[in-house]
Each structure stands twice: as structure tokens, then as C-alpha cells.
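Following: one structure in C-alpha cells, then a few remarks.
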Amino acid sequence: MSNTFTIGRHGSFQLRYGWITKGIQAIQAKKAHKISDVFTSDDATVNLGVGKNMVAAIRYWLTATKVIDNGSITEFGEFLNQKDIYLEDDASLWLLHLALVQNKELATSVYWLFNHFHQNEFSAEEAGNAFLSYASENNWKGSEKTLKMDIQVILRMYAPHKSKKTQIEDMLESPLSLLGLIQYFDGKYHFSFGSKNIPIEVVTHNINERFRNDKTVSVQNLMYGDNAFAPALKIREDELIAILEKITQKYNDYHLREDAGVFQLHKSITTDTYEYLKKYYAT
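For this note's numbering, count along the sequence shown from 1 and bump the result up by 13.
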């Protein structure tokens, strides 16, 4: 496992409504220039309509969600720009969430929270202490304060709630909270386990992106492998199998087979992973 950690680069600003949209549109408006110019130019705050610190946060979230990479808009970023620039479809939010959860180097706290933190009910302090232990075990050297702040930001992003320190913007502008993956009540955060209303095409796309060179992927891998799919949605094995069965019912090139009690998803052809998403957004 890589020991590369990215902590606190959002500057304590969670991903907000409009930031992905503003970022993509600002980049498109400066096609002849480097992406870095969009965020470092003197008029960056004017073009993006936010303060200086938020400019850096927007750049971070665009990178962490894999909308931009190495100075250019990614295929994913171009897809969002063409199909749902304003993130009006929940499918787009699921895609952004999966991009974060599966990006352990640039979105370490989100990756850890869904993949390695196994308390179902917890306080921000408990999550912060557990994240600190995880980071220390992986030889991370840095500020404990920054690390715990990072986790608090991520928790607010998925489950905003009113407190003395919460800004009104954080209560109103947390798009990923619409996914309902984490709830806050009775003074505690709670993971929301159970089936999720996620389009089959998003699941198929994600599995194909991660296993594009494999003809077969085991349910065990999707459940418990490094950076597995199921923890990202907080679903159990029977719920994962139900999703995979829907994929096989919709797409004839997929087959779910059981051998000696081990389920495996087989694909017979290699398909452009974005073809599945194009079909969904076309409906």
C-alpha cells in the first residue's frame, strides 16, 4: 500500500454546490491557457466568483474527484461537462463520490472513512482518533490538528448538521449529503447500510473502469478487496449480488456464476466504459 497521504489540501472547505461547474466552465473559458492559469491568475477570484482560499479548494476538489489531472480536463470531466454540467442527476453525485472513495492518494480521508473505518456509530472525535492511528501506522508525519480537521470537513460534507462552528453555507451546500451515506442524529454519525438508489449503469461503469483488463472479478474482491466497491456504498454481500444480477439481466455480455460457493462476475467483451453512462444519460 502506498504511504502517500493528502491531508487538508481543501483548506477546510468541503465540496460545495456549483464548484465542479464553476471549475469546468472557467477552464473551458481559458482553452488557450494552462489549467494552472485558471487558478493562479490575478482574476481567478473574479472568474470563479469565490474568495482566494476557495479558489485553491475548488482546484483541489476538481483534482480529487478526477475531473482534472496533469493540467487538463479528464475524460470524466469532459463527460460531466457534456452530460450534466450542473450535477442535476444523482448519478453524477454517485460518480463523484466513487471517484473520491477510490482515490486514496489525493482523497485519503474519504478513502479511509469508507474503506478502513468500521465503527457504524461514532463521534467526530472518535473518527479523528482512529484516522490518526491509521495515518501513524502508515508512517504519516504531520499535524494532528490538520488531520482531525480534515476528517471533520469530510463528515460535514456527507452529513451536514447545525453546530456552533458550522457555517450556514456548509448546511446548505453539501451535494454529496444527498446520497444519504452518513446520517447525524443523537449527537453521533451513523453509516447508512442497505440498498442504494444508484443507477446500474454507474455501477457497471465503475467496475469496468477498475477492472478494465480483467474478464472476471470475484464478489469477494468487490466486497473485501483493497479499495473494494461495496464499502463505498455501505452495502452487504446479498445487496451487492442483487446489483450484479441486475447488471446481467440488462447486459447480455455479463454473467454471474457460482462455483463452490464463490460468486464471480464474467464479461464476454471489452466495452468502452462510458458507453454505459451514455445510455443512462440519454434516457
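C-beta atoms are modelled at their ideal positions from N, C-alpha and C, and glycine is treated no differently. All of these numbers come straight from a predicted model, not from anything done at the bench.
Return the CA-CA distance between residue i and residue j, expressed in angstroms with no decimal places.
i	j	result
ALA104	LEU111	11 Å
GLU139	LYS161	10 Å
ILE20	LEU145	11 Å
ILE256	ILE213	7 Å
GLY207	ASN240	19 Å
GLY274	ALA69	49 Å
ALA120	ASP82	14 Å
GLU186	TYR30	5 Å
SER5	GLY200	No answer is possible for residue 5: the residues shown for the chain start at 14 and end at 296.
GLN38	ASP56	15 Å
HIS23	ASN66	9 Å
GLU222	SER54	34 Å
MET14	TRP125	With a pLDDT of only 40 at MET14, under 50, the local geometry of the prediction cannot be trusted, and the value read off the model is given with reservation. Going by the C-alpha atoms only, they are around 13 Å apart.
LYS43	ASP50	8 Å
ASN152	TRP74	25 Å
GLN132	THR159	22 Å
Looking at residue j and residue i, is the spacing between their C-beta atoms short of 8 Å?
i	j	result
TYR287	HIS218	yes
LEU106	PRO188	yes
ILE195	VAL123	no
GLU252	VAL232	no
ALA148	ASN116	no
SER85	ILE48	yes
PHE89	ARG72	no
LYS280	TYR293	no
THR17	GLU118	yes
ILE248	LYS209	yes
VAL114	ALA245	yes
LYS79	THR87	yes
Can you check which of these residues, the options, is closest to residue i by C-alpha distance?
i	options	result
MET236	VAL80, LEU278, ASP227, ILE20	LEU278
VAL59	THR159, ALA77, LYS35, LYS44	LYS35
ALA295	GLU258, PHE92, GLU252	PHE92
PHE276	ILE254, ARG249, ILE260	ILE254
GLN41	LEU28, THR284, ILE98, LYS65	ILE98
ARG270	TYR171, VAL230, ASN128	VAL230
GLY64	ARG223, GLN38, PHE26, ILE164	PHE26
SER205	THR76, THR17, PHE127	PHE127
PHE130	TYR202, LYS259, LYS43	TYR202
LEU192	GLU101, GLY24, SER85, GLY141	GLU101
LEU109	ILE211, PHE52, ASN151	ILE211
ASN226	GLY238, ASP285, VAL215	ASP285
Give me whichever residues DSSP pairs with residue i in a beta bridge.
i	result
GLU134	HIS203
GLN196	HIS203
*Scan the segment 208–291 and note each continuous beta strand (DSSP E) run of 3 residues or more that stays entirely inside, going in chain order.*
229–231, 267–272, 275–280
*Can you list the alpha helix (DSSP H) stretches of 4 or more residues lying completely in the segment 53–135, in chain order?*
57–61, 65–77, 88–96, 103–114, 121–128
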